[in-house]
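Residue numbers for the sequence shown, in the numbering used here: 263 to 401.
Here's the structure we're looking at; comments come further down.
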Amino acid sequence: MKHKIGALAGQVLHSESARFQVVRHLMVGGSGVVFNWVVFSLLRHFTSLSTLECTAIVHVVILVVVFPLQKLFTFKKRDRGHVHMARFLVNDAGYVALDYALAYAFIDMLGLPAFIGKGCGLMILTPLSFLSQRYWVFR
Numbered sequence: 263m264k265h266k267i268g269a270l271a272g273q274v275l276h277s278e279s280a281r282f283q284v285v286r287h288l289m290v291g292g293s294g295v296v297f298n299w300v301v302f303s304l305l306r307h308f309t310s311l312s313t314l315e316c317t318a319i320v321h322v323v324i325l326v327v328v329f330p331l332q333k334l335f336t337f338k339k340r341d342r343g344h345v346h347m348a349r350f351l352v353n354d355a356g357y358v359a360l361d362y363a364l365a366y367a368f369i370d371m372l373g374l375p376a377f378i379g380k381g382c383g384l385m386i387l388t389p390l391s392f393l394s395q396r397y398w399v400f401r
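Right under this line is the structure:
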């Protein structure tokens, strides 16, 4: 597993096209991460919604906005929309599950403030999101 992750990182670092994809992914995904972080933190602070409810609300909005931007801008894919959408939904289901698990662990179990706990989880998830989208969703 460690060897495979290293090989993927090497491909990204040595490919000019992949480096530009990383930059575009950081722009699109970065705005999604900021939205995720800020809206989740505000919902947790100002409402009585649970970690799961806040995670679900944030991801519904992100899904509608981020998929078209990642497909068209980041990965420059104009074809196979239904295949990409199906893969994106499966990928996002895993992402949401991990996002929730990390938020629950950092916030509900460890007692970190929402904005810190969510930030810790997003630092783990962001690189995983790029790799899964580049090598599976939009391959």
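Glycine included, every Cβ here is placed at the ideal spot set by N, Cα and C.
Does DSSP put residue i in a helix, a strand or coil?
| i | result |
| --- | --- |
| S310 | coil |
| D370 | helix |
Nearest-angstrom Cα distance between residue i and residue j?
| i | j | result |
| --- | --- | --- |
| Y362 | E278 | 34 angstroms |
| V327 | T388 | 17 angstroms |
| D341 | L325 | 19 angstroms |
| L384 | F377 | 10 angstroms |
| T317 | F302 | 7 angstroms |
| H374 | C382 | A quick correction: the sequence has Leu, not His, at residue 374. Distance between the alpha carbons of L374 and C382: 10 angstroms. |
From the options, pick the residue whose C-alpha is nearest to that of residue i; which is it?
| i | options | result |
| --- | --- | --- |
| Q395 | T317, I319, R349 | R349 |
| R401 | Y366, L360, Q332 | Q332 |
| L314 | Y366, V345, G343 | Y366 |
| I404 | S312, V399, L351, S293 | Missing from the structure shown is residue 404; the chain here goes from 263 to 401 and no further. |
| V399 | V322, L372, V323, P330 | P330 |
Pairs of beta-carbons, one from the stretch 323-337 and one from the stretch 286-295, closer than 8 angstroms: are there three or more? yes
Inter-stretch contact (C-beta, 8 angstroms, three-pair minimum) for the stretch 347-357 and the stretch 295-307: no
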